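**Q** Sequence positions in the sequence shown follow the numbering used here and run 99 to 554.
Below is one structure. I have some questions about it.
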Amino acid sequence: MKKYKILLAAAALLGLSSCIEETLPTEYVLNDQIQASESALQGMVNSIYTSMGGYINDDGGIEMISYGSMRAMLEHSTTQFVCSGANGYNTMGAYCYGAISATGSNRGLYPSYLYYSYIKNVNDIIGMIDVNDLDDTKKGYLGVSYAYRALYYLDLVQIMEYKKPTDSRYSYVSPENDLTNLGVPIVTEKTTSEEASNNPRATVDAAYDLILSDLQQAETYLSGYTRTDKTQPNLAVVYGLYARTYANLASRVKTSATYKDEASYWQKSGEYADKAISVAGCTPLTEAEWTDPVNGFNNRNSQNSWMWATSISEGNTTAATGNNQSFSFAMIFGTETTFSVYGWRVGRSLDRKWYERLSDNDFRKKSWLDPSFFYESKNQKEGEPYLVERDADGKFINNKWALNDVSTSTTQSDWSDDYSGFGPDKYQYKYNSSASWIRARINSSNGFQSWPWLYV
């Protein structure tokens, strides 16, 4: 029997002393005891969701981060997002400016430490449940664990797979060795300690073999499962993960040794995407929902667009404790304050190319402040597509917010530092510094000339 040492900081096994018969030293609980305790297993499954809100590893030099913050960092590494504010103590900036592989930097360690800690959680659960003695509850636990493990490896292998840069604006040094199809070490519930200590990177194909196998298991065990919160995956989520997996396979047939049927993968991706939407019953956000800072995109329960979500609750001690005893490092996107999460006045800007690809009639464009700032046509009608008016030279005309009523001016009025949208009942902007300060420091040298909404 395996022994699992109880760590005081682990939410999964806290408070279980009243549920487990203490016939052995109290510092340990045994595998069989956990299997026999419904509350112990439930606590371990709940720890999947709570750990997504905050993770720290002092030995690895990993500050408090979350799944969401890791995803935000990755968005910055793709050139779609950029940090356009001051760059001191900037976790995001390391990914934005390619400093994650610098000697002595711990930023490049984040994905490995974070994802493999998550993978260990689900491996422990899968390994503890006897598949020959299943009830509906344990089937649900297995389905949830397999779905999350598929997600973790799907993320991790995309991060670690070598991809030759294609952006002509940047130079790069070719690797000394052939990295084609080289993925990540695979650790499952069957991996022994000895095997884990000598576990080289598997191929990307092998990782996708595991991902597809896990999704098949998740689909089986989650059949008939009813979740109680959107942090829990269900069949719709599994189908969505299938869709993403097959889209990835279709895009890498040239480097894969075994996955070669591109047309079939694209077809399966589309079919699973349709299936996910149908089973979930989800609908796209309306403009009113998109622009609502309270009950819009950032509230998973107020509308019907979220299929799967992570959440940080007030009672999540994993995210609320640590060196800073706050949510700051977990809430790494929170730039409403001057200093937040190693992001001193670090704003989120959008690559100008991506911004300009959005039609002026696309209400999603309202998610970003135009490089001109505060332009709105005097002829704008509420509820209609966003109206941008220019003269023959491309200058803005009929600018509602222009200084001194000069319709072609893009200089903001004195009061515009706390601009609040179309009215007191509408969405609001909020800055960690004055708009004038921000505007003067936009990183235009790299073509990044947009500024995001920061909701109140």
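Beta carbons: idealized from backbone N, C-alpha and C, even for Gly.
Bear in mind the structure is a predicted one, so any value in this text is a computation, not a measurement.
Helix, strand or coil, according to DSSP, for T343 in the structure here?
**A** If DSSP states are grouped into helix, strand and coil, T343 belongs with the helices.
**Q** At the level of alpha carbons, what is the spacing between G555 and L339?
**A** Nothing can be reported for residue 555: it is not among the residues displayed for the chain, which extend from 99 to 554.
**Q** Taking only three categories from DSSP, how would you classify L552?
**A** Because L552 sits at a pLDDT of 32, beneath the cut-off of 50, its placement in the model cannot be relied upon, and the point is left open.
**Q** Could you please give the first and the last residue of the uninterrupted alpha helix (DSSP H) stretch that includes A402?
**A** It should be noted that the sequence gives Asn, not Ala, for residue 402. Premise fails: N402 is in no alpha helix (DSSP H) and is neither H nor E.
**Q** List the endpoints of the continuous alpha helix (DSSP H) containing G241.
**A** Counting along the chain, the alpha helix (DSSP H) containing G241 begins and ends at D234 to M258.
**Q** Using the Cα positions of I227 and K464, report the straight-line distance between them to the nearest angstrom.
**A** The straight-line gap from Cα to Cα measures roughly 48 Å.
**Q** A348: which of A371, K366, I309 and L172 sits nearest, CA to CA?
**A** Nearest C-alpha to A348: K366.
**Q** What first and last residue would you give for the alpha helix (DSSP H) that runs through I223?
**A** Y208 to M226 is the span of the alpha helix (DSSP H), which, as asked, contains I223.
**Q** Assuming contact is defined by CB atoms lying nearer than 7 Å, are G152 and S137 in contact in what I supplied?
**A** Their beta carbons are not under 7 Å apart, which means G152 does not touch S137 by this criterion.
**Q** Spatial neighbours of Y561 within its chain, please: CB distance less than 8 Å, with the 5 preceding and 5 following residues excluded, ordered by chain position.
**A** The structure shown does not extend to residue 561, since the chain is modelled only from 99 through 554, so no value can be given for it.
**Q** Relative to the C-alpha of Q256, which candidate in Q178, S409, E173 and D460 has its C-alpha closest?
**A** When each option's Cα is compared against that of Q256, the closest is E173.
**Q** Compute the Euclidean distance between the alpha carbons of N497 and S475, then round it to the nearest angstrom.
**A** Approximately 5 Å, taken between the alpha carbons.
**Q** Between the C-alpha atoms of V335 and Q178, what's the straight-line distance to the nearest angstrom?
**A** Cα to Cα, V335 sits roughly 26 Å from Q178.
**Q** I'd like the span of the alpha helix (DSSP H) that includes T148, first residue to last.
**A** Segment E136 to S149, the alpha helix (DSSP H) holding T148.
**Q** Would K262 and Y319 be called neighbours here (beta carbons separated by less than 7 Å)?
**A** For K262 and Y319, no; Cβs fall outside 7 Å.
**Q** Does the distance from the C-beta atom of Q401 to that of E387 stay below 7 Å?
**A** Against a cut-off of 7 Å, the Cβ pair of E387 and Q401 comes out as a contact.
**Q** Could you say which of V242, L207, Y211 and S167 lies nearest to E139 if we only look at CA atoms?
**A** Note that residue 139 is Leu in the sequence shown, not Glu. For the residues V242, L207, Y211 and S167, the minimum Cα distance to L139 belongs to V242.
**Q** Does R488 come out as helix, strand or coil in the three-state DSSP assignment?
**A** It is a strand residue.
**Q** Would you kindly check if the distance between the Cβ of V220 and the Cβ of Y239 is under 7 Å?
**A** Their beta carbons are not under 7 Å apart, which means Y239 does not touch V220 by this criterion.
**Q** Can you name the start and end residues of the alpha helix (DSSP H) that W302 belongs to?
**A** Note that residue 302 corresponds to Val in the displayed sequence, not to Trp. Here the alpha helix (DSSP H) through V302 covers V302 to Y319.
**Q** What's the call for T381, buried or exposed, on a 16-neighbour Cβ count within 10 Å?
**A** Answer is exposed; the Cβ neighbour count stays below 16.
**Q** How long is the line joining the alpha carbons of A294 and T286, rounded to whole angstroms?
**A** Distance between the alpha carbons of A294 and T286 is about 10 Å.
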